[in-house]
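Residue numbers (our numbering): 1 to 600.
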């Protein structure tokens, strides 16, 4: 849900996901003189309007240099000196009111200026139209410490440990189990294709379904690429320990050549009376590391046509189809790749792998190149055709790219990383981890039970969001990494979702939650490196607030990335040039127009 409001020269746009609300703020340039930031209040609204709103000041981690107080601080005394702020403590399906106040005066005697109040409601993932679930991921360390103390979950008593794990899951595992539980008995079927098929609780969900009389079929990765890759052994051991086959389920192994390919899907088709009804997909493997360590997403789509496409694909995987047969079928099942124009939204289209060529990556590159703003989340190395879109040679003036990667090497070799990070159109957040008991725990579960492809990976969701804050967003999400190998060799699936504002808002707010956290961590790491050179002790909060309005300067440099970002998130940017979606699949090199997804 998106709501915008202006008053007295202050504009605020609130974007609500499920667990997050993102505030974009803009202030008329004449009002920034003397501005020390913005104080932000939130109130939870009573749907029956029986009680008045109870206001709470949102917290801030930064103080003014002369503020020597200790303990928690809020934006009442330490205003936000940014034009974008995230509230990551909201509840799904809940109505809230926000109050944003421009603050002036001096650091110890703040006065109030222009004020905006607006109401909105978070999205509800229990609704079939917005069934998107992100876990907390590795960036949740500060909130985790506030709730559980600076403790390793494995060193807690069993009950507290389970509470901590549930908190880290944040509904992701529970939603997957609830999806399986929709198959209530005879007449229902669950068809699952899973890469890492290991978490006992999730396998138990299939076992319980089979015991209810549900037709359960499962196929899991069992290829043997190298002696070091023991994923197949772990999958076989977990499947045997679960007694899934003994429960009446049909369990097959994906063994067909090439052995170097990964059967990388993580999807389940729900059928009733032989008709595919819905699918669960996303980036989440069935492992502890996927639920409690990495950033992952699960996404349920209740669309019979989409589910039927996945069911046809599943049957080929279940039959252990050879590569040539699967590539031919995947092409037919992904018709969007053969269309000269993208279908108008709203709509959802599956894109399946392996493919016989790289048209899929060319399509993605064309969309990225023509976007006026873009968000990309990638755990592994991106294909060169995609990396090219982030260079100044292919970047249109006035565009913004937010890139969230697990490691900088996802952006290429060191020289290419320097070029991408040096382009003002690109902002990069990398999974910089800080030493803590939580990270020690996450490191263990990501290094030991996980197979070698995922060792130490914290950012694992795969997302391309094309113009997600515009009127016609495109979200690409699923199991597929945006690489040549993922496209040409692996069993993979992605969804292209066009024109769904509610779904886009969920992805945007989750993306920015992680991006802002890692961006801040990167600043902390760089600052501490400087402190070390000067013999100073490291700190987790080396930054502080400015005591004058100079913090605003960089946000008002015309056409700078900071100025464009201020306007983008607040929704105050100038309208983009006319779009040409007919060229969106016209070939990466031939794309010369900024495409904003308008329908022609």
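Ideal Cβ positions, reconstructed from N, Cα and C, are used throughout, including at glycine.
Quick caveat: nothing in here was measured; it's all calculated off a predicted structure.
Query	Result
Through-space distance from residue 18 to residue 661, alpha-carbon basis	What the structure shows of the chain is the stretch from 1 to 600, and residue 661 is not part of that stretch, so it cannot be assessed.
Residue nearest to residue 16 in terms of C-alpha spacing, selected from 78, 45, 86 and 65	86
Nearest-angstrom Cα separation, counted from residue 308 out to residue 256	24 Å
Coarse secondary structure for residue 1, derived from DSSP in three states	coil
CA-to-CA distance, residue 103 to residue 484, given in whole angstroms	50 Å
Rounded straight-line distance, which links the Cα of residue 510 to that of residue 1	14 Å
Whole-number beta carbon distance between residue 10 and residue 116, since they are thought to touch under 8 Å	5 Å
Buried or exposed by the 16-neighbour rule on C-beta atoms within 10 Å, applied to residue 498	buried
Helix, strand or coil at residue 337 according to DSSP, with G and I counted as helix	helix
Beta-carbon contacts of residue 215 that lie in its chain and below 6 Å, excluding the five residues immediately before and after	189
Selection from 55, 84 and 114 that minimises the alpha carbon distance to residue 555	84
8 Å Cβ cutoff met for residue 45 and residue 14	no
Between the CA atoms of residue 58 and residue 113 - distance to the nearest angstrom	18 Å
Buried/exposed call for residue 164, threshold 16 Cβ in 10 Å	buried
Distance CB(residue 514)-CB(residue 8) smaller than 8 Å	no
Reduced DSSP category for residue 494 - H, G, I as helix; E, B as strand; rest coil	strand
Proximity below 8 Å, CB of residue 176 to CB of residue 280	yes
Residue(s) in a DSSP beta bridge with residue 377	404 and 463
Pairwise C-alpha distance: residue 320 and residue 314	10 Å
Whole-angstrom C-beta distance between residue 416 and residue 387, which should lie under 8 Å	7 Å
Opening and closing residue of the beta strand (DSSP E) in which residue 161 lies	From DSSP, residue 161 is part of no beta strand (DSSP E) but of the alpha helix (DSSP H) over 158 to 169.
C-alpha distance - residue 489 paired with residue 12, whole-angstrom precision	46 Å
Cβ neighbour criterion (16 or more within 10 Å) applied to residue 42	buried
Check whether residue 333 and residue 352 have beta carbons under 8 Å apart	yes
Cα-Cα separation, residue 203 to residue 303	25 Å
Delimiting residues of the alpha helix (DSSP H) encompassing residue 38	Where residue 38 is concerned, there is no enclosing alpha helix (DSSP H), although the beta strand (DSSP E) it sits in stretches over 37 to 44.
Backbone secondary structure at residue 534 - three-state DSSP	coil
Burial state of residue 264, where buried means 16 or more other Cβ atoms lie within 10 Å	buried
Proximity of residue 549 and residue 34 at Cβ, strictly below 8 Å	yes
Beta-carbon contacts of residue 251 that lie in its chain and below 7 Å, excluding the five residues immediately before and after	218, 239, 244 and 245
Length of the line joining the Cα atoms of residue 273 and residue 186	9 Å
Inter-residue spacing [alpha-carbon to alpha-carbon] between residue 73 and residue 221	49 Å
Between the CA atoms of residue 269 and residue 259 - distance to the nearest angstrom	25 Å
When 329, 402 and 295 are compared against residue 426, the one with the closest alpha-carbon	402
Proximity below 8 Å, CB of residue 39 to CB of residue 75	yes
Three-way DSSP call (helix, strand, coil) for residue 446 in this model	helix
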